[in-house]
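All remarks here apply to the structure that follows.
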Amino acid sequence: MKKVLSILFVFSGMALGVAQHSVEDISGAYHISSNDPHGGSDMIISPDHHFAIAFFGGVLKGTWQKVGDHYLFTYHKEPKVVLYARYNSSIQDSVKVRVGLDANRGFAIRFNGSENDAFTAIFNEAANCFTYPYIYSQRNAIEQIEIYQQDLRTYVESEITNSKNYIFSFKPNATYNELLLTGLPKGYSQGGTFQARFMEGQLFMEDQGGIPKRSEYKDINAEDLEFFEQYFKNEIFPEVLDSNNEQFPYAENPTDQDLVPFIRIRPKMMPVNTIVMNPGSLFYSICED
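Here it is, written out as structure tokens:
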């Protein structure tokens, strides 16, 4: 995330002067102000119909298109839960599962379970003071991991909803003995769209006044421009996860086995109305008084 912060600082220091723009020339850099104590966000719009919004701690991306007299922006929707797996010869007589899921999203887990078996909460209620990584270990091979995530969206009174809960069912090869269960903050998996108009060098978004273009796309700092173009092109969760990806487990003095890539396991999503929960949780994390 250091890269994200440096980008924010660069954009915040850009001059506000804007040259004359064509109505169609929406590409460039914009700063969106906010009352958030961490500051606003910065939006990059590329000429080839990609965009990114950088904020404190993250970057959302998506695509845009012109529809009539306005522009439609669509966020890229990341999966809520992702599983990677590999065989690690340095792990003997056990299977390890590294868990990097957001503790506040209500996830529960079941290993090698049948339809009526109970789930276990991954983290205790009101968990805080986290010290990642969290690693679960068992002796038996893992042929199935199921993740339950309750629909935690809130709805206004009398709103018609389509609230559903799902089980993400992963079936890794039983020979894999190191698994990585990961995901991103909920903003990345919500998807959604928003609209904007572009007039006289300003972007007019929903619930926002005119946002001046701070820089033409080609004039963005070369290092930052390279970052965004790679971010547009690459998947956050690739099919093969290698040590160049920020999701890859950190090792201070990595061995050859530590650097073996992980393979992504695709889930089957199954709607469910109710589940049975075990007492307790897989991990317990809370601040001491």
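The letter at position 135 of the sequence shown is residue 217 when you use this note's numbering, and the numbering goes up by one with no holes. From the three backbone atoms N, C-alpha and C, an ideal C-beta is built for every residue, glycine too. Remember, predicted model here, so these are calculated numbers, not experimental data.
In this structure, the straight-line span from the alpha carbon of Ala134 to that of Lys143 is close to 4 Å.
Within the same chain, and ignoring the five residues on either side of Ala185 in sequence, the residues whose Cβ sits closer than 6 Å to its Cβ are Phe205, Ala209. Between Arg180 and Pro215, the C-beta spacing is below 7 Å.
If you look at Phe286, you'll find it in the beta strand (DSSP E) that goes 284-287.
When beta bridges are read from the DSSP output, Tyr248 appears opposite Gln231, Pro353. In this structure, the alpha-carbon of Ile302 lies about 17 Å from that of Phe137. Using a 10 angstroms sphere on the CB of Met281, the tally of other CB atoms stays under 16, which defines it as exposed. Taking 7 Å as the cut-off, the beta carbon of Gly265 is found closer than this to the beta carbon of Val164.
When the five nearest sequence neighbours on each side are left out, the beta carbons in the same chain lying within less than 6 Å of the beta carbon of Pro254 are those of Ala167, Ile347, in order along the chain.
Your pair Tyr157 and Leu285 does not check out as a contact, with CB atoms roughly 16 Å apart and the cut at 8 Å. In summary, Met125 is buried, with 16 or more beta-carbon neighbours lying within 10 Å of its beta-carbon over all protein chains present. Within a 10 Å sphere around the beta-carbon of Phe212 sit fewer than 16 other beta-carbons, which makes this residue exposed. Asn335 and Gln220 have their alpha carbons spaced roughly 25 Å apart. The alpha-carbon separation between Gln312 and Glu321 amounts to approximately 16 Å.
Residues of the same chain with a CB within less than 8 Å of the CB of Ile368, apart from the 5 flanking positions on each side, are Asn206, Ala208, Ala209, Asn210, Cys211 in chain order.
Phe189 and Ile224 have their C-alpha atoms some 19 Å from each other. His132 counts as buried, since no fewer than 16 other beta carbons sit within 10 angstroms of its beta carbon. With distances taken between CA atoms, Val342 lies nearest to Leu262 out of Leu262, Lys148, Ala200. DSSP places Leu307 inside the alpha helix (DSSP H), whose first and last residues are 304-315. For His152, the enclosing beta strand (DSSP E) starts and ends at 152-157. Out of Lys350, Ser325, Asp175, Ile345, the CA that lies nearest to the CA of Asp338 is found in Ser325. Of the candidates Asn222, Gln277, Leu183, the residue whose Cα lies closest to the Cα of Ala203 is Leu183.
By the beta-carbon neighbour count (other beta carbons within 10 angstroms, threshold 16), Pro361 is exposed. The criterion of a C-beta distance shorter than 7 Å is satisfied by Lys178 and Ile217. Remark: C-beta atoms of Asn170 and Asn259 approach each other more closely than 7 Å. For a cut-off of 8 Å, the C-beta gap from Ile293 to Ile108 is around 11 Å, too long to register as a contact.
Relative to Lys148, the option among Phe365, Asp175, Ile345, Arg279 whose CA is nearest is Arg279. Approximately 20 Å separates the beta-carbon atoms of Tyr270 and Asn247; this is outside 8 Å, ruling out the contact.
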